[in-house]
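If you want this note's numbering, it's the position in the sequence shown, counting the first as 1, plus 2. Glycine included, each C-beta is placed from N, C-alpha and C at the ideal position.
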Amino acid sequence: MYSDKVMDHFQNPRNVGEIQNASGVGTVGNAKCGDIMRIYFDIDENQIIKDVKFKTFGCGAAVATSSMATELVKGKSVQEALEITNKAVMEALDGLPPVKVHCSLLAEEAIHAALWDYAEKNGIKIEGLKKPKSDIGEEEIEEEY
């Protein structure tokens with residue numbers, strides 16, 4: 003069963019859309035389940051995420067985790083956004099069923115992919131940021147749990 007917060011973010015997702023000329027765009031997916039998540043960042047000169055949007059093709063949990071992830075990073079610094087984990091997304095949603103944990107991993111990786119794109123575009127290094135994976139498979143989930 004899904005929590006009330008998951009249902010709310012699925013039925014009323016926040017920050018849906020795309021940002022033209024985004025500072026960073028991250029796209030990740032899970033080939034096995036077919037979910038695809040894209041996050042757009044508008045980052046100012048102080049490395050603060052002024053705006054964030056997402057487009058997700060997938061199940062209700064994928065939409066809900068995308069929505070919550072955008073809420074968690076908005077207004078944060080690049081470094082603070084990097085520290086948002088899939089566990090933080092799940093906790094903010096009051097949990098996910100075990101078979102939907104991969105959706106929270108997609109959200110974390112999409113954030114990292116958008117930060118990676120931002121760093122590449124600006125020729126900077128973000129301390130602690132590793133090159134993101136574009137396909138999040140089941141093996142990552144088993145490593146986490």
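Who are the near neighbours of Arg16 in its chain, counting only those whose CB is closer than 7 Å to its CB and skipping five residues on each side?
Taking the sequence shown and counting its residues from 1, one reaches residue 16 at position 14. Result list for Arg16: Ser69, Thr72, Glu73, in chain order.
By the 10 Å Cβ neighbour count, where 16 or more other Cβ atoms means buried, how is Gly26 classified, buried or exposed?
Stepping through the sequence shown from its first residue, residue 26 is reached at position 24. Classification of Gly26: buried, given that the 10 Å Cβ count is 16 or more.
Rounded to the nearest angstrom, what separates Val103 and Gln49 at their Cα positions?
By 1-based counting over the sequence shown, the position of residue 103 is 101. By 1-based counting over the sequence shown, the position of residue 49 is 47. About 29 Å.
Per the DSSP calculation, Phe56 is bridged to which residue(s)?
Taking the first residue of the sequence shown as 1, we reach residue 56 at position 54. DSSP lists Val18, Ile41 as the beta-bridge partner residues of Phe56.
Under the three-state DSSP convention, the category Gly26 falls into:
If you number the sequence shown from 1, residue 26 lands on position 24. In the structure shown, Gly26 adopts extended strand secondary structure according to DSSP, grouped into three states.
Span of the alpha helix (DSSP H) around Leu148:
Past the edges of the chain, shown from 3 to 147, lies residue 148, and the structure says nothing about it.
Measure how close the beta-carbons of Tyr42 and Val30 come, nearest whole angstrom, since I'm counting them as under 8 Å.
Counting from 1 along the sequence shown, the entry for residue 42 is found at position 40. Counting from 1 along the sequence shown, the entry for residue 30 is found at position 28. Going by Cβ atoms, the distance from Tyr42 to Val30 rounds to 13 Å, so no, they are not a contact pair.
In three-state DSSP terms, what is Ser136?
Along the sequence shown, one-based indexing puts residue 136 at 134. Coil at Ser136, not helix or strand.
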